[in-house]
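Some notes on the structure that comes next.
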Amino acid sequence: KILIIGSSGQIGTELVLKLREIYGNENVIASDIRKGNYEVMESGPFEFLDVTNKKDIEEVLIKHQIKEVYLMVAILSVIAEQNPQMAWDLNMSSLFNVLELARKGIIDKVFWPSSIAVFGPETPKKMTPQDTIIKPSTVYGISKLAGENWCAYYSRKYGIDVRSLRYPGLISYKTTPGGGTTDYAVEIFYEAIRRKSYTCFLKEDTVLPMMYMDDAINATINLMQSPRMDDYISYNIGAFSFSPKQLAEAIQKQIPEFTIAYNPDSRQEIAESWPESVDDSQAGKDWGWEAKTDLDKMVVLMLQGLHYTIS
Ligand code: VAH
Numbered sequence: 005k006i007l008i009i010g011s012s013g014q015i016g017t018e019l020v021l022k023l024r025e026i027y028g029n030e031n032v033i034a035s036d037i038r039k040g041n042y043e044v045m046e047s048g049p050f051e052f053l054d055v056t057n058k059k060d061i062e063e064v065l066i067k068h069q070i071k072e073v074y075l076m077v078a079i080l081s082v083i084a085e086q087n088p089q090m091a092w093d094l095n096m097s098s099l100f101n102v103l104e105l106a107r108k109g110i111i112d113k114v115f116w117p118s119s120i121a122v123f124g125p126e127t128p129k130k131m132t133p134q135d136t137i138i139k140p141s142t143v144y145g146i147s148k149l150a151g152e153n154w155c156a157y158y159s160r161k162y163g164i165d166v167r168s169l170r171y172p173g174l175i176s177y178k179t180t181p182g183g184g185t186t187d188y189a190v191e192i193f194y195e196a197i198r199r200k201s202y203t204c205f206l207k208e209d210t211v212l213p214m215m216y217m218d219d220a221i222n223a224t225i226n227l228m229q230s231p232r233m234d235d236y237i238s239y240n241i242g243a244f245s246f247s248p249k250q251l252a253e254a255i256q257k258q259i260p261e262f263t264i265a266y267n268p269d270s271r272q273e274i275a276e277s278w279p280e281s282v283d284d285s286q287a288g289k290d291w292g293w294e295a296k297t298d299l300d301k302m303v304v305l306m307l308q309g310l311h312y313t314i315s
């Protein structure tokens with residue numbers, strides 16, 4: 005059986021639903037410190053779980069005979085900058101608890117998400133290589149790079165089967181945005197429908213790597229279903245890149261009267277420290293990764309997902 009910790013979050017919500025489709029509702033246990041959306045709560049087992057409490061996690065694992073864990077809990081970039089100690093504590097203690105339970109032999113396989121946030125201002129910005137200068141300049145990125153190194157350590161030293169992806173900005177409609185710098189690309193759709201206009205907190209030409217959620221979920225499950233790799237690699241994965249201006253133009257193809265304004269704030273500095281695009285050829289080679297949804301298709305899927313009728 006499979007446990008998703010952080011099942012009420014942006015990625016956790018969609019992982020629960022997709023994994024239940026594949027493995028059956030009763031075999032996928034959702035867990036979070038707060039209730040999830042209707043679909044998650046109604047379609048299968050849910051456990052309230054504080055991921056900083058290792059005993060709590062162990063009890064849930066034993067109660068449901070769980071062997072595979074997706075640890076989808078993190079304080080994202082914006083909130084982490086405002087609360088460094090709290091973000092570090094949560095992002096790291098949750099990972100240590102799960103890696104330690106794997107070392108005890110209670111968990112067989114772990115997915116732990118990393119992020120393009122591990123890259124910093126000195127990293128080559130275009131087609132950022134899998135292996136390159138990696139000096140994060142955000143609290144969130146520092147915690148994600150530290151997490152990658154701990155996963156590599158537990159994999160090498162204790163033979164733990166832990167797998168990771170460096171997600172780009174993810175765009176989805178089943179949950180509302182939660183404290184990420186890339187979340188302008190989610191908020192914009194709600195505003196485009198509601199007010200036909202949006203004021204963006206990034207400059208118009210700030211290019212970031214992005215991906216539609218379905219591609220990220222498929223990548224995650226494909227990686228977890230692949231034969232085990234010899235060494236731990238936190239894979240770059242990419243789909244498309246755009247600036248707020250380019251996203252607004254893509255939305256205007258569906259909503260011609262949509263307008264955008266710009267009022268950059270502290271999040272601009274976070275965005276500028278990250279790559280514009282990533283080289284994900286290693287993921288393609290190792291386990292057949294390729295994105296399916298492009299920018300225009302993503303815009304249509306988001307508007308339809310938010311019940312906007314495409315004319
Ligand atoms: C954030 N959505 O904005 C997350 C992600 C690469 C961006 O890490 O913080």
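Each residue of the sequence shown is one higher than the last, beginning at 5 in the working numbering. Every residue gets a Cβ at the ideal spot worked out from N, C-alpha and C, and that includes glycine.
Compute every distance between the C-beta of residue i and the non-hydrogen atoms of ligand 1, then say whether any falls below 6 Å.
i: Ile120; result: yes
i: Leu149; result: no
i: Gly145; result: no
i: Leu80; result: yes
i: Thr185; result: yes
i: Gly173; result: yes
Buried or exposed: where does residue i fall if 16 or more other Cβ atoms within 10 Å of its Cβ makes it buried?
i: Ala78; result: buried
i: Asp284; result: buried
i: Phe52; result: exposed
i: Ser11; result: buried
i: Ser277; result: buried
i: Lys148; result: buried
i: Pro231; result: exposed
i: Asn101; result: buried
i: Ile274; result: buried
Taking C-alpha atoms, which residue in the options lies nearest to residue i?
i: Gln14; options: Leu227, Glu276, Lys301 and Lys178; result: Lys178
i: Lys4; options: Asn31, Gln86 and Lys161; result: Outside the displayed range of the chain (5 to 315) lies residue 4, so it cannot be described from this structure.
i: Tyr239; options: Ala287, Gly184 and Ser35; result: Ala287
i: Tyr74; options: Tyr158, Glu18 and Met233; result: Glu18
i: Glu208; options: Ala252, Leu169 and Gly242; result: Ala252
i: Arg199; options: Lys161, Thr263, Met45 and Gln89; result: Thr263
i: Ser168; options: Ile120, Asn29, Lys22 and Gln258; result: Ile120
Q: Would you mind listing the beta strand (DSSP E) stretches within the stretch 126-212 that are 3+ residues and don't spill past its ends, in chain order?
A: 165-171, 173-175 and 201-204
Q: List in chain order: all unbroken alpha helix (DSSP H) runs of 4+ residues lying wholly within the stretch 27-53.
A: 42-47
Q) In the stretch 254-302, which residue ranges form an unbroken alpha helix (DSSP H) of at least 4 residues, counting only runs that do not cross its ends? A) 271-276 and 285-291
Q | Runs of alpha helix (DSSP H) wholly within the stretch 41-127 (minimum 4 residues, chain order) | A | 42-47, 58-67, 81-86 and 88-107
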